[in-house]
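Contents: one structure, followed by commentary.
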Amino acid sequence: MFVLLRQLQRLRRDAALTAPRRRGSLALRHIDVGSCNACEHELTAVSSPYYDMARHGLGIVASPRHADVLLVTGPVTTRMREPLLKAYESMPEPRTVAALGDCAMGCGVLGDVAALAPPLDELLPVAVRIPGCPPSPDAIAAHLLAYLHGEEPPA
Amino acid sequence: MTPERFTRRDVAPAAWRGEVAAALADGWRFAGLWAEAAGGDGPALRAAFHRHGERLLLAAPAARDTIVDLVPAAGWDEREAHDLHGAAFAGHEPLRALVDHDAPTPQWTVPVEGRDVFQVAVGPTHAGVIESGHFRFHVVGERVLHLDLRLFYKHRGLERAAEGRPVTDALRHAERACGADAVANAIAFAHAVEDARGLVPTPDLARARTLLAELERLYNHLNDLSAICAGVGFAPGTMAFAGLKERAMRLNATLTGHRFLHGSVRVGGSGLAISAPAASELRSALAELRAETRRAWRELQFAGSVQDRFDGVGVLALEDARRLGAVGPAARAAGLAIDARTDAPRLAYRELVPAVPEQPGGAVAAPVEVRGAGLPVGVDLLDELLAAPLEPSVAEPGGASRRDGLALVESPRGQTLCAVALGDGGVVDRLHLRTGSYANWPVLAHVVPGNLLPDFPLINKSFELCYACADR
Ligand code: SF4
Numbered sequence: 001m002f003v004l005l006r007q008l009q010r011l012r013r014d015a016a017l018t019a020p021r022r023r024g025s026l027a028l029r030h031i032d033v034g035s036c037n038a039c040e041h042e043l044t045a046v047s048s049p050y051y052d053m054a055r056h057g058l059g060i061v062a063s064p065r066h067a068d069v070l071l072v073t074g075p076v077t078t079r080m081r082e083p084l085l086k087a088y089e090s091m092p093e094p095r096t097v098a099a100l101g102d103c104a105m106g107c108g109v110l111g112d113v114a115a116l117a118p119p120l121d122e123l124l125p126v127a128v129r130i131p132g133c134p135p136s137p138d139a140i141a142a143h144l145l146a147y148l149h150g151e152e153p154p155a
Numbered sequence: 001m002t003p004e005r006f007t008r009r010d011v012a013p014a015a016w017r018g019e020v021a022a023a024l025a026d027g028w029r030f031a032g033l034w035a036e037a038a039g040g041d042g043p044a045l046r047a048a049f050h051r052h053g054e055r056l057l058l059a060a061p062a063a064r065d066t067i068v069d070l071v072p073a074a075g076w077d078e079r080e081a082h083d084l085h086g087a088a089f090a091g092h093e094p095l096r097a098l099v100d101h102d103a104p105t106p107q108w109t110v111p112v113e114g115r116d117v118f119q120v121a122v123g124p125t126h127a128g129v130i131e132s133g134h135f136r137f138h139v140v141g142e143r144v145l146h147l148d149l150r151l152f153y154k155h156r157g158l159e160r161a162a163e164g165r166p167v168t169d170a171l172r173h174a175e176r177a178c179g180a181d182a183v184a185n186a187i188a189f190a191h192a193v194e195d196a197r198g199l200v201p202t203p204d205l206a207r208a209r210t211l212l213a214e215l216e217r218l219y220n221h222l223n224d225l226s227a228i229c230a231g232v233g234f235a236p237g238t239m240a241f242a243g244l245k246e247r248a249m250r251l252n253a254t255l256t257g258h259r260f261l262h263g264s265v266r267v268g269g270s271g272l273a274i275s276a277p278a279a280s281e282l283r284s285a286l287a288e289l290r291a292e293t294r295r296a297w298r299e300l301q302f303a304g305s306v307q308d309r310f311d312g313v314g315v316l317a318l319e320d321a322r323r324l325g326a327v328g329p330a331a332r333a334a335g336l337a338i339d340a341r342t343d344a345p346r347l348a349y350r351e352l353v354p355a356v357p358e359q360p361g362g363a364v365a366a367p368v369e370v371r372g373a374g375l376p377v378g379v380d381l382l383d384e385l386l387a388a389p390l391e392p393s394v395a396e397p398g399g400a401s402r403r404d405g406l407a408l409v410e411s412p413r414g415q416t417l418c419a420v421a422l423g424d425g426g427v428v429d430r431l432h433l434r435t436g437s438y439a440n441w442p443v444l445a446h447v448v449p450g451n452l453l454p455d456f457p458l459i460n461k462s463f464e465l466c467y468a469c470a471d472r
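Keeping their order, the protein sequence lines are chains A and B. No gaps in the numbering here: position 114 of the first sequence is 114 in this note's numbering, and each next residue is one more. No gaps in the numbering here: position 242 of the second sequence is 242 in this note's numbering, and each next residue is one more.
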């Protein structure tokens, strides 16, 4: 185990992560409504040692009832429409919906119309849009932080 | 070695079962079954088999009898052909709903009755960054008696959407069926189309694709090991392997401009070029990654509290693996020598010997070992593939063009079948993708009963299946 911990220590040094600029936190709840799974991989990577979003106050929570932000990945399939709306209903206010990735933003979606529900922003009020297919861990963190601190989203 | 083309055998619906039984008796292994719109009443039926690199396609103008008693691995395939294409299978009783979500609960669950039996329903959404799918556990206390899977929440109708589209468009559908197996899916599609068109890859093309496939396997297996550590709450392992995965993905980005290598596989050729200096840089980065991975892997093997958790849970018996058509690391862990890379004349694997555990046993420890031991094998192969610079390449004509194409490729999760039927003007009439995850989900459901409910995440992660490419 010590070898692993040393390896992690070295990795942290190499990654040379910047110190957080400001205080504040967001509790994020992820929901997959039909992604290809790459957006999930990148969202997971945001918590990995090379990015470590926790130091900025960004954390994934297990229930929508504990969440400030609903992070949505994938185009909305007909079958995930209900679970999506239910997750949103369960959130305390104020609540925010973030579209993570091109699919969730309704761009370049592949699939059969019969299997897809209307795009996310016709179903829920989307406040944060994180473009990319998939967006890089850096981009995910940058958009969420800009939202947290009331800044313009990164170009 | 010129790739052999597959054999197509047309059979009457009444002879379907007999032909399947004869093929199995001849040593053919089942690789997938699917329906295809035929224009008459009801869909036509196809089944694919493989035997040491040879492939066989059975084609019937209509479905009639089930083969599920002969090939239990075809269970999901028949249920899907029924739900999506209306094919009927006499003798498949009860034919439970699979893709169809409108069916009431008793139509897709297995009745489990008795004293103190209750159900634990989990999903479709989960308490973390996890894909959507539903698990219904029938338990007594903490002991699982039966597990009903209900996937296809992410069904996007990708196969149907690809129909009638040009090949380059359909390729994107196959690729995006799964972001993490995108290369394997895209290569399978490219092979299937090239097989239909009578095209043969040049050595450089084969090398480019093998390189991409192994880079994909590398970051996936690092990811799987990280996830397995998370499954037992071993944070140092989770983070160390997540860090190694990140490094592998950065190499992908340097090489192809995409962390997941998306868009790097084409049909009929490859645009991938690697200069001599770039190749040697990549080789030294891989060598470093190999050394660190080795160290992390050794540490994991000596972490007693972790190894204790891996023993004795999630045991897949060899006979069950064979019967249920398990593929990939899970199958090899059970002692079943199945790896599409060993019979891949269209790729540059040559004499590859896939990693197998020292003691095949199929408990969680074994698939973990298949991945851990497979990592250096994969990196060594990458090193060999990078020994010479790479130029863009184009496939060569090698035979007459025909309608059907069939391909088998080993994805990080196991053998993936892609079948295409090409129509007039180069459009795709039918695309079918049967991924390693699709093959293994029913195997997982079979392995879980008898284990404790809290061990499910660990068992699930030892398979590390993907929902997206099963649901399509
Ligand atoms: S945006 Fe791209 S990476 Fe994300 S789910 Fe859609 S296809 Fe996959």
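Even glycine gets a Cβ: it sits at the ideal position worked out from N, Cα and C. Computed from a predicted model, the values in this text were never measured in an experiment.
Which word fits B/G123, buried or exposed, when buried means at least 16 other C-beta atoms lie within 10 angstroms of its C-beta? buried
Determine contact between the region 364-379 of chain B and the region 245-262 of chain B, defined as no fewer than three beta-carbon pairs at a distance below 8 Å. no
Quick one: does A/E151 have its CB under 8 Å from some CB of chain B? no
Residues with C-beta closer than 6 Å to any heavy atom of ligand 1, in chain order:
A/S35, A/C36, A/A38, A/C39, A/T73, A/G74, A/G101, A/D102, A/C103, A/C133, A/P134, B/R176, B/G179
Where do the N-terminal and C-terminal ends of the alpha helix (DSSP H) with B/F260 fall, by residue? Per DSSP, B/F260 belongs to no alpha helix (DSSP H) and is neither H nor E.
Report the partner residues of B/P166 according to the DSSP bridge assignment.
B/V427
**Asked** Does at least one heavy atom of ligand 2 sit under 7 Å from the Cβ of B/N185?
**Response** No copy of ligand 2 occurs in the structure displayed; its ligands are ligand 1 alone.
- Item | C-beta neighbour in chain B for A/A67, strict 8 Å | no
Under 8 Å Cβ-Cβ, which residues of chain A neighbour B/T125? I31, D32, P83, A87
Neighbour list for A/Y50 in chain B, Cβ cutoff strictly below 7 Å
G243, E246
Between the Cα of A/H56 and the Cα atoms of A/R65, A/L17, A/R81, A/S35, which residue gives the shortest distance?
A/L17
Report back the beta-carbon spacing between B/A177 and B/R472 to the nearest angstrom; my notes put them in contact at under 8 Å.
5 Å
In whole angstroms, what is the alpha-carbon distance linking B/E159 and A/L28?
33 Å
**Item:** Counted within 10 angstroms of its Cβ, other Cβ atoms place A/T44 as buried (16 or more) or exposed
**Value:** buried
Please compile the residues from chain B whose C-beta is within a distance smaller than 7 Å of the C-beta of A/A114. G157
*Distance, Cα to Cα, B/R247 vs B/L289?*
8 Å
Legend entry - B/D65 in three-state terms, based on DSSP: strand
* To do: State yes or no: is the beta carbon of B/L465 nearer than 8 Å to at least one beta carbon in chain A?
  => no
Establish whether the CB of A/T96 and some CB of chain B are separated by less than 8 Å. no
Original post:
Which partner residues does B/W34 have in the DSSP bridge list?
Top reply: B/R46
Just to confirm, are B/E214 and B/G18 a CB contact at a threshold of 8 Å?
no
**Report entry** Where A/C107 falls: helix, strand or coil (DSSP)
**Finding:** coil
task: Hey, could you find the ends of the alpha helix (DSSP H) A/Q7 is sitting in?
output: 2-15
| said: For a contact defined as C-beta to C-beta under 8 Å, what are the partners of A/M1 on chain B? | reply: P236, E299, A303
Taking only the alpha-carbon atoms, compute the straight-line gap between A/P134 and A/C39 and give it to the nearest angstrom. 5 Å
Notebook entry, point to check: Do B/A88 and B/A63 have their C-beta atoms within less than 8 Å of each other?
Noted result: yes
*Following the continuous beta strand (DSSP E) through A/T73, name the residue where it begins and the one where it ends.*
69-73
Check: A/T44 touches chain B at which residues, Cβ-Cβ below 8 Å?
Finding: V129, A242
Would B/A475 and B/A73 be called neighbours here (beta carbons separated by less than 8 Å)?
Any property of residue 475 of chain B remains undetermined from this structure, which presents chain B solely from 1 to 472.
Item to complete: May I have the straight-line CA-CA distance separating B/A206 from B/G133, to the nearest angstrom?
Response: 36 Å
- Message: For the region 23-34 of chain B against the region 311-320 of chain B, do three or more pairs of beta-carbon atoms, one drawn from each stretch, fall closer than 8 Å, so that the two count as touching?
- Response: no
Extent of the continuous alpha helix (DSSP H) run through B/G243
235-256
Exercise for the section: Look at B/A35 and A/D112 and say whether their C-beta atoms are less than 8 Å apart. Expected result: no
Considering only residues of the region 89-141 of chain A, which uninterrupted beta strand (DSSP E) runs meet the minimum length of 3 residues and lie entirely inside it, listed in chain order? 96-100, 126-130
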